[in-house]
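Chemist:
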Amino acid sequence: MIRLIKPYITFDEVKNEFQDVFESGWFTKGKYVEDFRNTIKSYTGAKNAFLTTSATTALTMSLKILNIKKDDEVIISDFSFPATANVVEDLEAIPIFCDVSLETFNMNPNDLEKKITSKTKAVIFVDALGNPTGINEIKSICKKYNLPLIEDAACAIGSSENNLKCGNIADLTCFSFHPRKLLTTGEGGAITTNNEKYADLLDIKLNHGAIVNDGKFDFIDYGYNYRMSELQAIMGIKQLTKLDDIVKSRNSIRNLFTQKLIKIGFQEQKINKDTIYNVQSLVFKVPSNINRDDLIYHLKLNNIESTIGTYSLSATSYYKNKYNDIQENSYYLENNTITLPCYENLDTKKVCDFISRYIENVR
Ligand SMILES: Cc1ncc(COP(=O)(O)O)c(C=O)c1O
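Residues in the sequence shown are numbered from 1 upward in steps of one, following this note's numbering.
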């Protein structure tokens with residue numbers, strides 16, 4: 001089976017440090033967690049970094065320190081994984097679905113401006129499939145309306161726009177280190193921010209609401225434990241140091257696929273010329289006469305794994321039933337995009353040849 005993704009980490013790379021942790025018995029809040037936080041700061045250029053158990057908990061903590069509460073409106077990109085909406089819903093706030101561009105798959109700035117009201121308290125921009133194209137334009141709109149911008153960069157570690165890495169653009173950026181991502185710690189996530197007030201609040205919230213006074217804990221707020229362990233942090237450090245090379249290699253594979261597939265009617269996800277896209281997912285719009293689900297099915301029969309692009313959140317059963325506000329472009333993309341395998345030493349010829357033959361037969 002040609003798998004969709006392979007991890008960029010082996011046991012050999014981590015075994016010495018894992019041994020160190022087992023021998024010391026120091027499994028949490030130790031030097032590797034500190035080291036991973038510092039590596040994320042220097043890699044992204046962000047002033048502060050916090051590690052979490054997932055992007056979902058990172059997003060929840062970000063909304064909490066922004067004091068998002070019942071009936072507040074949070075505008076979110078509609079083409080995403082449901083976690084982007086769920087974290088808003090969980091706080092009894094209202095997710096306002098913003099449609100996306102059919103070219104970049106990212107938040108449409110005109111639709112965003114139309115949806116801002118006096119109840120809007122924050123905006124969540126999603127780097128769809130890892131592509132941050134357009135985030136700087138959204139940032140300017142948020143500035144104009146004095147709204148905090150959260151970047152759901154669950155898929156976007158290693159991406160950048162205008163020479164700024166994801167993590168150093170929005171007010172708060174949330175990453176995922178789930179195994180489908182370029183950098184994995186099994187499960188895990190991170191939040192970065194350049195805002196010192198947000199950093200102080202996150203420090204407290206992520207540590208059970210505690211500050212340390214004269215060596216003693218003082219619980220000045222209620223809080224959480226969404227901490228990453230030392231073993232996970234070791235995995236993260238190892239991958240972050242080679243991430244830029246991984247991004248380059250994925251872009252060459254993307255170019256190979258793009259050259260071949262656009263000739264037979266596929267359309268690529270557009271990126272700005274000043275954007276670096278980490279190609280977390282290699283996604284194409286399928287030709288208009290092709291049934292995307294049939295293509296996925298036939299690829300599977302031929303031992304090639306593929307999947308849909310991602311979801312239109314407003315069209316998922318829960319959000320459709322509750323808000324009945326399906327976003328047109330995003331819905332189109334959910335039904336007409338395909339994610340193909342993308343990693344080093346992949347037999348791209350085999351995948352492209354199969355797709356070409358399939359398209360010819362259908363036509
Ligand atoms: C855009 C987006 N946001 C949030 C998440 C949730 O990430 P996690 O599994 O780390 O909570 C995902 C997961 O795929 C995602 O793609």
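For glycine and all other residues, C-beta sits at the position ideal for the given N, C-alpha and C.
Can you tell me the Cα-Cα spacing of G134 and K165, whole angstroms?
Modeler: Translated into the one-based positions of the sequence shown, residue 134 becomes position 134. Translated into the one-based positions of the sequence shown, residue 165 becomes position 165. Rounded to whole angstroms, G134 to K165 spans 13 Å at the Cα level.
Chemist: So what's M61 in DSSP terms, helix, strand or just coil?
Modeler: Within the sequence shown, the letter at position 61 stands for residue 61. Note: M61 maps to helix in three-state DSSP.
Chemist: Cα separation between I2 and I157?
Modeler: To locate residue 2, count along the sequence shown from 1; it is residue 2. To locate residue 157, count along the sequence shown from 1; it is residue 157. I2 and I157: Cα-Cα distance of roughly 24 Å.
Chemist: Is L129 closer than 8 Å to T310 when the C-beta atoms are compared?
Modeler: Within the sequence shown, the letter at position 310 stands for residue 310. Within the sequence shown, the letter at position 129 stands for residue 129. For T310 and L129, yes; Cβs fall inside 8 Å.
Chemist: Just to confirm the assignment: which complete alpha helix (DSSP H) runs, minimum length 4, are found wholly within the region 19 to 97?
Modeler: 31 to 44, 55 to 65 and 83 to 90
Chemist: Just checking R227 against ligand 1 - is the residue's beta carbon closer than 7 Å to any of the ligand's heavy atoms?
Modeler: If you number the sequence shown from 1, residue 227 lands on position 227. No; taking the cut-off as 7 Å, the Cβ of R227 has no heavy atom of ligand 1 nearer than that.
Chemist: Using only the alpha-carbon positions, how far apart do T52 and I94 sit?
Modeler: Here residue 52 corresponds to residue number 52 of the sequence shown, with the count starting at 1. Here residue 94 corresponds to residue number 94 of the sequence shown, with the count starting at 1. If you take the alpha carbons of T52 and I94, they lie about 24 Å apart.
Chemist: Have a look at K216, Y297 and I124 and flag the residue whose alpha-carbon is nearest the alpha-carbon of I169.
Modeler: Residue numbering aside, residue 169 sits at position 169 when the sequence shown is read from its first letter. Closest by alpha carbon: I124.
Chemist: Whose C-alpha, out of N38, E161, G215 and G265, is nearest the C-alpha of P287?
Modeler: What you label residue 287 is simply residue 287 of the sequence shown in a count that begins at 1. The residue with the shortest Cα to Cα distance from P287 is G265.
Chemist: Assess contact between the region 32 to 51 and the region 90 to 107, defined as three or more Cβ pairs (one per stretch) separated by less than 8 Å. Is contact present?
Modeler: no
Chemist: Within 10 angstroms of its Cβ, does I246 collect 16 or more other Cβ (buried), or is it exposed?
Modeler: Along the sequence shown, read from residue 1 onward, the residue named residue 246 stands at position 246. Buried: at least 16 other Cβ atoms inside 10 Å.
Chemist: Helix, strand or coil, according to DSSP, for D244 in the structure here?
Modeler: Taking the first residue of the sequence shown as position 1, residue 244 is located at position 244. Correct three-state label for D244: helix.
Chemist: Can you tell me whether A128 is helix, strand or coil according to DSSP?
Modeler: Looking up residue 128 in the sequence shown gives position 128. Helix.
Chemist: Kindly say whether I338, judged by its beta-carbon, lies nearer than 8 Å to any beta-carbon of chain B.
Modeler: The structure shown contains no chain B; it is built from a single protein chain.
Chemist: Roughly how many angstroms lie between the CA atoms of I326 and K320, to the nearest whole one?
Modeler: The residue given as residue 326 occupies position 326 in the sequence shown. The residue given as residue 320 occupies position 320 in the sequence shown. The alpha-carbon atoms of I326 and K320 are separated by roughly 7 Å.
Chemist: Considering only the beta carbon of each residue, do M228 and I9 sit closer than 8 Å?
Modeler: For the purposes of this step, residue 228 is taken as residue 228 along the sequence shown, with counting starting at 1. For the purposes of this step, residue 9 is taken as residue 9 along the sequence shown, with counting starting at 1. No, Cβ-Cβ distance for M228 and I9 is not below 8 Å.
Chemist: Any chance the CB of T39 is under 7 Å from a heavy atom of ligand 1?
Modeler: Within the sequence shown, numbered from 1, the residue matching residue 39 stands at position 39. The answer is no for T39.
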